[in-house]
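Take the sequence shown: its letters are residues -32 to -1, 1 to 585, numbered as in mature numbering (1 follows the signal peptide of the UniProt record, and there is no 0). Ideal Cβ positions, reconstructed from N, Cα and C, are used throughout, including at glycine. Notes follow once the structure below has been shown.
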Amino acid sequence: MTSLCHLPRVRRTFTAAAATLLVLLCIQPAQAATAASTTQRTRAFIADAEARLEKLGIQAQRAQWVADTFITDDTELITAQAGEQLAKVAGELALAARRLSSKGLSPAEARKLEALRHSAYLASDAERERLALLQAKLNGAYGKAKYCPPAKAGQTVECQDLAALEKILAESRDPAQLLDAWAGWHSQSRAYKADYAEYIALANKAARTMGFADNGAFWRSGYDMPEAAFAADMERVWQQVRPLYDSLHLYARYKLRQAYGHEVVPASGPIPAHLFGNMWSQSWENLYPLLKPSTPGGDYELSRVLAERKPSPEQMVRIGEGFYTSLGLEALPASFWTRSVFSKTTDHEMVCHASAWDIDTQEDVRIKMCIRPNDEDFNTIHHELGHVYYDLAYRKQPKLFREGANDGFHEAIGDTVALSITPAYLQQLGLMRPEDDSGDDTGALLMQALRKVSFLPFAYLVDNWRWQVYAGKVAPNDYDRVWWQLREQVQGVRRPLPAEAGGFDAGAKYHVASDTSYARYFLAHILQFQFHRALCREAGQTGPLHRCSIYGSKAAGAKFQAMLSLGASKPWSDALQQLSGERRLDASALTEYFAPLQAWLAAQNKLLGAADPAVLP
Ligand code: X8Z
Ligand code: ZN
């Protein structure tokens, strides 16, 4: 039931041979076999499962690739069928694996058996088919949604897709236009709210079959620790970073009030969601021109440079690849360049949300993106390539270990590399003139905070909402109420318009519509700073973390590659320890990275009186 943004590689397969094996393993009395032969049979079961999951997984991946890059009713059905076959077999194997003992197995074999146990299962063919169809329909509905504003007299209706609406949110400073684009997109998801509610009920049923309280509990169980401990860990780390976010929010409010006026931005309480330069107010880099420091050099914007230079999408991806190869990692396979999709097609619908694909879990790796020449996409390219390099690094592992140490690791790899896109590195690429780099780091650090710190509460709350939905604590009529309660409390952002009956604002986010877990990004935003600190150490850099770039460091590359090549063969804390010496999530690397900015924000907020609503401008 987990689908990955880096993609659905659900574990499933079932054939006549597997059925025979199950009969042997599960139905015949265990005592009839000697301990040794039982162990042998369990080993055979694992090997057989791996082979079948690999085959069906590849079929499902190919179908999904076509459905995502070419949305039609037919491709939706084909991908649903492939997904359903995989789900059926993975579920049956999971049930069988749960009846087997790991006694006598090596630690690696026991870990594989444990991985096999981790698939949800619906016994009824009809329900499984429905679940797979709903998943494909929701994904397609999100991908092709468009806002068609009412036509003005004498004009034809011009419908706007998400990319067009995002561009307005990024560039416009007209609150009415921003509000229209925001509301236009958020009104789309109501069309698939009923499908989503039905999907949740079926996914829960599948998770319950496997003994989980609900599908949220199933998701939380995938982190080598008790699920309650995982939720507590997220909360602990969120509290570590909250003061930094609060300072940034305070400073942003002051600047937004200056830009939009007191009527639009309140002196206290949550800020309207349409003003953050991003459809979900999840990353605020487009606010940089409004928030930038007045120090010299604060004027530099990568987006502006890229808009002037107009590199092709492929050229931008080649720059990304160049970073990875500078670390000593391999060049991307030739098929990556011919099979990836870098631009939005105009003759048919596609899902533009960026993703990385590992079609055959060997060398057929690809990315799918609708690349625009701006700062956000430049960073996202490095993010997607991180998935691809992780896939390539663990391709020699057995099938069941060809995964990230956990899904947060997978999301953190490319972001770790992107943390090394420093002013010094941009100058090396010729994307920054030396005279634009004043040596004062405040602007670059603020930009980084607008990407990373602003994101943390959003990443924290998406699955908080979803866990409550899965747990049955929030009925469809309350989806919006609880969504906005969390957004106000955690993010300090409010709905810019009154809520409407039948609304489904959470569904306006890709990962909700496509049922991709989101806690992974919260973990990734903490882990990437832990990885960065460790790799900078390895690269022999002793200066401040935010100035470190590991570009060109073969030592850092080798250390990184050693962790990546483990895949999921070890618990994630072992993988983390191998790289950084740490065994748990810890935001101290993030707070160390932003320490100079935290001091600057505190001084600014004091100077501007931003902390005191009575003296706000
Ligand atoms: O979905 C993504 C990636 C693909 S895994 C582009 N991200 C999240 C989002 O867009 O909401 C990256 C950061 C958060
Ligand atoms: Zn990703």
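Going by beta carbons, Glu95 and Leu170 fall inside the 8 Å limit.
When C-alpha distances from Met337 are compared across Leu547, Tyr213, Trp33, the shortest belongs to Trp33. Minimum Cα-Cα distance from Ala109 among the listed residues Arg98, Lys173, Thr40 corresponds to Thr40.
Boundaries of the beta strand (DSSP E) harbouring Arg334: 333 to 336, taken from the DSSP string. Counting the other Cβ atoms within 10 Å of the Cβ of Ser262 gives fewer than 16, which makes it exposed. DSSP, read as helix, strand or coil, puts Ala324 in strand. The Cβ atoms of Leu274 and Asn342 sit closer than 8 Å to each other. Relative to the ligand ZN, Glu97 has its C-beta separated by 7 Å or more from all heavy atoms.
Listed in chain order, the non-local C-beta contacts of Ala492 below 7 Å within the same chain comprise Gly376, Glu379, Ala380, Asp383, local neighbours out to five positions each way being set aside. As the crow flies, the alpha-carbon of Tyr358 is around 10 Å from that of Phe528. According to the DSSP assignment, Asp404 belongs to no alpha helix (DSSP H), since it is labelled neither H nor E. For Tyr222, the enclosing alpha helix (DSSP H) starts and ends at 195 to 228. For Tyr438, the enclosing alpha helix (DSSP H) begins and ends at 423 to 438. Relative to the ligand ZN, the beta carbon of His355 is positioned inside 7 Å of a heavy atom.
Between the beta-carbon of Gln566 and that of Leu212 there is about 6 Å, and that keeps the pair under the 8 Å contact cut.
Around the beta carbon of Lys574, a 10 Å sphere encloses fewer than 16 other beta carbons of the protein chains shown; the residue is thus reported as exposed.
The C-beta of Gly179 has fewer than 16 other C-beta atoms within 10 Å across all chains shown, which makes the residue exposed. About 18 Å separates the CB atoms of Glu18 and Leu534; that is not less than 8 Å, and the two are not in contact. Each residue's CA atom was taken as its position, placing Arg176 and Pro444 some 20 Å apart. In summary, Cys127 is exposed, with fewer than 16 beta-carbon neighbours lying within 10 Å of its beta-carbon over all protein chains present. When the alpha-carbon of Arg551 is set against those of Ala543, Tyr219, Gly72, the nearest one is in Ala543.
In the DSSP annotation of this structure, the continuous segment of the alpha helix (DSSP H) that includes Gln29 starts and ends at 3 to 37. Burial of Gly266 is indicated by the presence of at least 16 other C-beta atoms within 10 angstroms of its C-beta. Asp148 has its alpha-carbon roughly 14 Å from the corresponding atom of Trp248. Counting C-beta atoms within 10 angstroms of its own C-beta, Lys260 has 16 or more neighbours from the protein chains shown and is therefore classed as buried. At least one heavy atom of the ligand ZN falls within 7 Å of the beta-carbon of His351.
Contiguous beta strand (DSSP E) elements confined to the segment 261 to 331 occur at 323 to 326, taking only those with 3 or more residues.
Around the beta-carbon of Cys516, 16 or more other beta-carbon atoms lie within 10 Å, marking it buried. Within the same chain, and ignoring the five residues on either side of Leu397 in sequence, the residues whose Cβ sits closer than 7 Å to its Cβ are Ile287. For Ile389, the secondary structure class from DSSP, reduced to helix, strand or coil, is coil. Residue pairing by DSSP places Arg462 opposite Pro240 in a beta bridge. Here Arg66 is not near Ala241, since their CB atoms are 8 Å or more apart. Glu134 has its Cβ no nearer than 7 Å to any heavy atom of the ligand ZN.
Closest in C-alpha terms to Thr47, from the list Gly59, Val57, Ala64, Gly25, comes Gly25. With a cutoff of 8 Å on beta-carbon distance, Leu63 and Ile14 are scored as not near each other. Checking the 7 Å criterion, the Cβ of Glu379 is within range of a heavy atom belonging to the ligand ZN.
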